[in-house]
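2 protein chains.
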Amino acid sequence: MKRYCIEFSYDGSDFCGYQVQPGLRTVQEELEKALKKINNNQSVISHASGRTDKGVHAYKQVAHFDLDVKISEAKLVRALNSNLPSDIHVYLAKEMAEDFHARYMVTSKAYVYKINLGAFNPMERKYVYQCGHPLDIKSMKKAIKYLIGTHDFRSFVSENKEKENCVRTITKAYIKQDPTDPERYDIFFEGTGFLKYQVRNMVGLLIKIGEKKIEPKEMQSVLISCDRNKAGKTAPAEGLYLLDVKYRK
Amino acid sequence: MKRYCIEFSYDGSDFCGYQVQPGLRTVQEELEKALKKINNNQSVISHASGRTDKGVHAYKQVAHFDLDVKISEAKLVRALNSNLPSDIHVYLAKEMAEDFHARYMVTSKAYVYKINLGAFNPMERKYVYQCGHPLDIKSMKKAIKYLIGTHDFRSFVSENKEKENCVRTITKAYIKQDPTDPERYDIFFEGTGFLKYQVRNMVGLLIKIGEKKIEPKEMQSVLISCDRNKAGKTAPAEGLYLLDVKYRK
Numbered sequence: 137m138k139r140y141c142i143e144f145s146y147d148g149s150d151f152c153g154y155q156v157q158p159g160l161r162t163v164q165e166e167l168e169k170a171l172k173k174i175n176n177n178q179s180v181i182s183h184a185s186g187r188t189d190k191g192v193h194a195y196k197q198v199a200h201f202d203l204d205v206k207i208s209e210a211k212l213v214r215a216l217n218s219n220l221p222s223d224i225h226v227y228l229a230k231e232m233a234e235d236f237h238a239r240y241m242v243t244s245k246a247y248v249y250k251i252n253l254g255a256f257n258p259m260e261r262k263y264v265y266q267c268g269h270p271l272d273i274k275s276m277k278k279a280i281k282y283l284i285g286t287h288d289f290r291s292f293v294s295e296n297k298e299k300e301n302c303v304r305t306i307t308k309a310y311i312k313q314d315p316t317d318p319e320r321y322d323i324f325f326e327g328t329g330f331l332k333y334q335v336r337n338m339v340g341l342l343i344k345i346g347e348k349k350i351e352p353k354e355m356q357s358v359l360i361s362c363d364r365n366k367a368g369k370t371a372p373a374e375g376l377y378l379l380d381v382k383y384r385k
Numbered sequence: 137m138k139r140y141c142i143e144f145s146y147d148g149s150d151f152c153g154y155q156v157q158p159g160l161r162t163v164q165e166e167l168e169k170a171l172k173k174i175n176n177n178q179s180v181i182s183h184a185s186g187r188t189d190k191g192v193h194a195y196k197q198v199a200h201f202d203l204d205v206k207i208s209e210a211k212l213v214r215a216l217n218s219n220l221p222s223d224i225h226v227y228l229a230k231e232m233a234e235d236f237h238a239r240y241m242v243t244s245k246a247y248v249y250k251i252n253l254g255a256f257n258p259m260e261r262k263y264v265y266q267c268g269h270p271l272d273i274k275s276m277k278k279a280i281k282y283l284i285g286t287h288d289f290r291s292f293v294s295e296n297k298e299k300e301n302c303v304r305t306i307t308k309a310y311i312k313q314d315p316t317d318p319e320r321y322d323i324f325f326e327g328t329g330f331l332k333y334q335v336r337n338m339v340g341l342l343i344k345i346g347e348k349k350i351e352p353k354e355m356q357s358v359l360i361s362c363d364r365n366k367a368g369k370t371a372p373a374e375g376l377y378l379l380d381v382k383y384r385k
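Chains as they are written, first to last, in the numbering used here: chain A, 137 to 385; chain B, 137 to 385.
(1) Which residues, taken in chain order from the region 247 to 264 of chain A, show a beta carbon closer than 9 Å to some beta carbon of chain B?
(2) For the 8 Å Cβ check, are there 3 or more pairs between the region 156 to 169 of chain B and the region 270 to 277 of chain A?
(3) Ordered along the chain, which non-local residues of its own chain (more than five positions away) have a Cβ less than 8 Å from that of D123 of chain B?
(4) Would you check if there are 3 or more beta carbon pairs closer than 8 Å linking the region 220 to 238 of chain B to the region 298 to 308 of chain B?
(5) If you draw a straight line from the alpha carbon of Y383 of chain B to that of R336 of chain B, how long is it in whole angstroms?
(6) List, in chain order, every chain A residue whose beta-carbon is nearer than 7 Å to that of I224 of chain B.
(7) Could you give the first and the last residue of the continuous alpha helix (DSSP H) run that contains Q356 of chain A?
(8) Give the straight-line distance between the Cα atoms of T316 of chain B and N257 of chain B, rounded to the nearest whole angstrom.
(9) Classify V163 of chain B as helix, strand or coil using the three-state DSSP reduction.
(10) In chain B, which residues lie less than 9 Å from S145 of chain A when you measure between Cβ atoms?
(11) At a Cβ threshold of 8 Å, is Y227 of chain B touching chain A?
(12) If you measure between the beta carbons of A279 of chain B and P372 of chain B, is that distance less than 8 Å?
(13) What would DSSP say about C212 of chain B, mapped onto helix, strand or coil?
(14) In terms of residue numbering, what span does the beta strand (DSSP E) encompassing Q313 of chain B cover?
(15) According to DSSP, simplified to helix, strand and coil, what is L271 of chain B?
(16) Span of the beta strand (DSSP E) holding L228 of chain B?
(17) Below 9 Å on C-beta distance, what does P315 of chain A contact in chain B?
(18) Got a sec: is the Cβ-Cβ distance from H193 of chain A to anything in chain B below 8 Å?
(19) Determine the direct distance from the alpha carbon of K348 of chain A to that of V339 of chain A, and round the result to whole angstroms.
(20) For Y263 of chain A versus I323 of chain A, is the C-beta distance shorter than 8 Å?
(21) Within 10 angstroms of its Cβ, does S182 of chain B collect 16 or more other Cβ (buried), or is it exposed?
(22) Alpha carbon to alpha carbon, how far is L378 of chain B from T328 of chain B? Give it in angstroms, no decimals.
(23) Taking just the CA atoms, how far does L342 of chain A sit from V381 of chain A?
(24) Given a cut-off of 8 Å, decide if E234 of chain B and V139 of chain B are closer than it, judged by their beta-carbon atoms.
(25) Would you say the beta carbon of F330 of chain A comes nearer than 7 Å to a heavy atom of the ligand FMN?
(26) Report yes if the C-beta distance between Y321 of chain A and I224 of chain A is below 8 Å; otherwise report no.
(27) If I follow the unbroken alpha helix (DSSP H) through Q334 of chain B, where does it start and stop?
(28) Measuring only the C-alpha atoms, how far is N301 of chain B from G346 of chain B?
(29) In terms of residues, what are the limits of the beta strand (DSSP E) holding K245 of chain A?
(30) Taking F387 of chain B as the reference, give the member of B:F330, B:G191, B:V180 with the closest Cα.
(31) Buried or exposed, going by whether 16 or more other CB atoms sit within 10 Å of the CB of R214 of chain B?
(32) Kindly indicate the opening and closing residues of the beta strand (DSSP E) around L376 of chain B.
(33) Report buried or exposed for H269 of chain A, applying the criterion of at least 16 other Cβ atoms within 10 angstroms of its Cβ.
(34) Hey, A238 of chain B and V198 of chain B are a contact pair by Cβ (cut 8 Å); roughly how many whole angstroms apart?
Printed below as a string of structure tokens:
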């Protein structure tokens with residue numbers, strides 16, 4: 137028995153999210169089907185850094201699993217890619233200590249949310265949120281700063297989470313214009329962890345501010361209110377990418 | 137009866153090419169289905185600047201058609217987009233003189249072919265040719281220059297075209313590195329017209345040159361030979377985009 141961890145990317149468009157759900161196509165199920173083939177047809181359970189929702193993409197996702205067979209890191213990458221569908225791509229495999237855990241040892245995660253304010257591009261309909269109208273980026277840049285720090289992010293959690301601890305720390309949050317296309321923006325978030333729909337709900341409120349429906353400082357009021365009804369709409373899944381996952385050394 | 141011309145873009149991934157083929161999903165069929173709805177349920181025949189093959193995309197395609205109903209240009213754009221699937225997007229409509237023809241009046245067309253030499257990106261598997269290994273771009277830049285000018289492009293036509301006139305003029309052909317990603321390149325072609333598979337076959341030979349299997353000057357020998365067997369493989373459809381269509385004023 138040997139523990140491995142892999143880094144991989146996937147196109148979330150044709151998946152019903154990351155986590156196994158009977159009867160639905162998920163990233164985890166495709167990964168475990170491929171792992172089973174490599175593991176002499178013995179089932180393998182994998183543990184990812186966290187889930188991603190339906191339609192959300194990953195530039196870098198991390199998962200660990202134990203294999204009965206001994207296989208080199210390079211061979212594992214090749215064997216996985218030849219058994220996985222083309223919307224999942226493994227680019228790194230590492231042998232790990234047997235106590236490594238891809239979920240519990242995460243120290244930080246980063247997401248990027250992509251917005252196109254310009255003309256609708258059908259090639260990107262599954263990969264960028266095509267907002268279709270201008271946004272006041274200056275106001276959004278002011279507002280996003282209120283999110284940095286340690287806060288109770290209850291206002292940005294879609295489900296009823298009354299009992300759950302919603303305190304998280306956001307270490308970085310900023311908006312960057314695409315250097316080659318002035319109508320495209322990337323919204324970055326890095327933090328200790330993110331709750332279900334948190335990023336998309338924070339982006340939803342940023343968009344509402346960009347549409348000048350509310351003032352930038354309302355970001356702070358909504359955050360303090362701990363009331364989901366005060367925040368905006370959940371931004372569409374297609375703009376969101378898991379960008380990075382970091383672990384303690 | 138009024139003649140209109142539209143400019144539109146489409147994602148070729150889920151189409152069996154542009155032209156109507158019974159039982160298959162094509163761009164033309166989707167367009168004509170939407171036009172019929174707008175035209176009081178009377179069938180409309182459309183004429184595009186030319187076909188694109190299965191999996192090939194368009195940033196700008198042009199088509200003309202006649203409508204029985206009178207509709208403003210702006211309304212026609214909105215009506216088409218609300219009746220078209222999301223992988224086709226109309227961004228301009230113009231009323232035209234009744235002798236305008238979207239195919240016969242073309243003066244030039246431009247294509248771009250996108251290549252990624254870096255790590256495989258599953259999000260782009262339908263939108264860029266992911267070559268998976270380095271290419272000698274310097275040699276490709278030398279070779280592409282031989283294509284500029286008026287030549288018999290018979291060597292780059294896949295089907296048996298012995299009787300057809302394969303003389304065309306390429307006015308521009310060059311390779312450009314992506315300013316934000318040094319492992320990405322765009323190969324541009326502009327000319328009076330292109331034959332079926334011509335661009336993908338020219339790119340196929342450029343790739344063979346980039347792989348150092350043959351010298352850059354072989355581009356000229358292949359061109360002069362007028363022998364399809366001398367050229368390389370046809371480059372995959374997913375990297376190719378119809379970029380522009382120009383008409384005489």
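Heads up, the beta-carbon is just placed ideally off N, CA and C, and yes, glycines get one too.
On the basis of the coordinates in this document:
(1) A255, F256, N257, P258, M259, E260, R261, K262, Y263
(2) no
(3) Lying outside 137 to 385, the shown extent of chain B, residue 123 of chain B is not represented and no answer is given.
(4) no
(5) To locate residue 383 of chain B, count along the second sequence from 1; it is residue 247. To locate residue 336 of chain B, count along the second sequence from 1; it is residue 200. Spanning the two alpha carbons is a distance of roughly 24 Å.
(6) Within the second sequence, residue 224 of chain B is the residue found at index 88, counting from 1. Simply P258.
(7) One-based indexing of the first sequence puts residue 356 of chain A at position 220. Run containing Q356 of chain A: 354 to 361, per the alpha helix (DSSP H) assignment.
(8) Within the second sequence, numbered from 1, the residue matching residue 316 of chain B stands at position 180. Within the second sequence, numbered from 1, the residue matching residue 257 of chain B stands at position 121. About 16 Å.
(9) The residue given as residue 163 of chain B occupies position 27 in the second sequence. V163 of chain B: helix per DSSP, three-state reduction.
(10) What you label residue 145 of chain A is simply residue 9 of the first sequence in a count that begins at 1. Chain B residues near S145 of chain A: A255, F256, N257, P258, M259.
(11) For the purposes of this step, residue 227 of chain B is identified with residue 91 of the second sequence, where counting begins at 1. For Y227 of chain B, the answer is yes, since a Cβ of chain A falls inside 8 Å of its Cβ.
(12) Here residue 279 of chain B corresponds to residue number 143 of the second sequence, with the count starting at 1. Here residue 372 of chain B corresponds to residue number 236 of the second sequence, with the count starting at 1. No. Outside cutoff.
(13) Your numbering for residue 212 of chain B matches position 76 in the second sequence. Reading off the sequence, residue 212 of chain B comes out as Leu, not Cys. In this structure, L212 of chain B counts as helix in the three-state DSSP scheme.
(14) To locate residue 313 of chain B, count along the second sequence from 1; it is residue 177. From DSSP, the beta strand (DSSP E) with Q313 of chain B extends over 303 to 314.
(15) The sequence position of residue 271 of chain B within the second sequence is 135, counting from 1. If DSSP states are grouped into helix, strand and coil, L271 of chain B belongs with coil.
(16) Counted from its first residue, the second sequence places residue 228 of chain B at position 92. Unbroken beta strand (DSSP E) run through L228 of chain B: 224 to 232.
(17) Position 179 of the first sequence, counted from the start, is the residue given in the question as residue 315 of chain A. Ordered by position in chain B, the residues that pass the 9 Å Cβ test against P315 of chain A are P315, T316.
(18) Along the first sequence, read from residue 1 onward, the residue named residue 193 of chain A stands at position 57. With 8 Å as the cut-off, H193 of chain A counts as an interface residue toward chain B.
(19) One-based indexing of the first sequence puts residue 339 of chain A at position 203. One-based indexing of the first sequence puts residue 348 of chain A at position 212. If you take the alpha carbons of V339 of chain A and K348 of chain A, they lie about 14 Å apart.
(20) Walking along the first sequence from the start, residue 263 of chain A turns up at place 127. Walking along the first sequence from the start, residue 323 of chain A turns up at place 187. No, the Cβ-Cβ distance between Y263 of chain A and I323 of chain A is not below 8 Å.
(21) In the second sequence, counting from the first residue as 1, residue 182 of chain B sits at position 46. Buried, since its Cβ has 16 or more Cβ neighbours within 10 Å.
(22) Along the second sequence, one-based indexing puts residue 328 of chain B at 192. Along the second sequence, one-based indexing puts residue 378 of chain B at 242. Between T328 of chain B and L378 of chain B, the C-alpha separation is close to 14 Å.
(23) Position 245 of the first sequence holds residue 381 of chain A. Position 206 of the first sequence holds residue 342 of chain A. Roughly 24 Å between the two C-alpha positions.
(24) Start at 1 with the first residue of the second sequence, and residue 139 of chain B comes out as number 3. Start at 1 with the first residue of the second sequence, and residue 234 of chain B comes out as number 98. Residue identity check: residue 139 of chain B is Arg in the sequence provided, not Val. Contact flag set, yes.
(25) By its list of ligands, the structure shown contains no ligand whatsoever, and the ligand FMN lies outside what it can speak to.
(26) Position 185 of the first sequence, counted from the first residue, corresponds to residue 321 of chain A. Position 88 of the first sequence, counted from the first residue, corresponds to residue 224 of chain A. Contact flag unset, no.
(27) By 1-based counting over the second sequence, the position of residue 334 of chain B is 198. Run containing Q334 of chain B: 334 to 346, per the alpha helix (DSSP H) assignment.
(28) In the second sequence, counting from the first residue as 1, residue 301 of chain B sits at position 165. In the second sequence, counting from the first residue as 1, residue 346 of chain B sits at position 210. Their backbone Cα atoms lie some 29 Å apart in a straight line.
(29) One-based indexing of the first sequence puts residue 245 of chain A at position 109. Segment 242 to 252, the beta strand (DSSP E) holding K245 of chain A.
(30) Coverage of chain B is limited to positions 137 through 385, which leaves residue 387 of chain B absent and any answer about it impossible.
(31) The residue labelled residue 214 of chain B in the question sits at position 78 within the second sequence. Exposed is the call here.
(32) Position 240 of the second sequence, counted from the first residue, corresponds to residue 376 of chain B. Where L376 of chain B is concerned, the enclosing beta strand (DSSP E) stretches over 376 to 383.
(33) Here residue 269 of chain A refers to the residue found at position 133 of the first sequence. Its Cβ having fewer than 16 others within 10 Å, H269 of chain A is exposed.
(34) Position 102 of the second sequence, counted from the first residue, corresponds to residue 238 of chain B. Position 62 of the second sequence, counted from the first residue, corresponds to residue 198 of chain B. With a Cβ gap of about 5 Å, A238 of chain B and V198 of chain B count as contacting.
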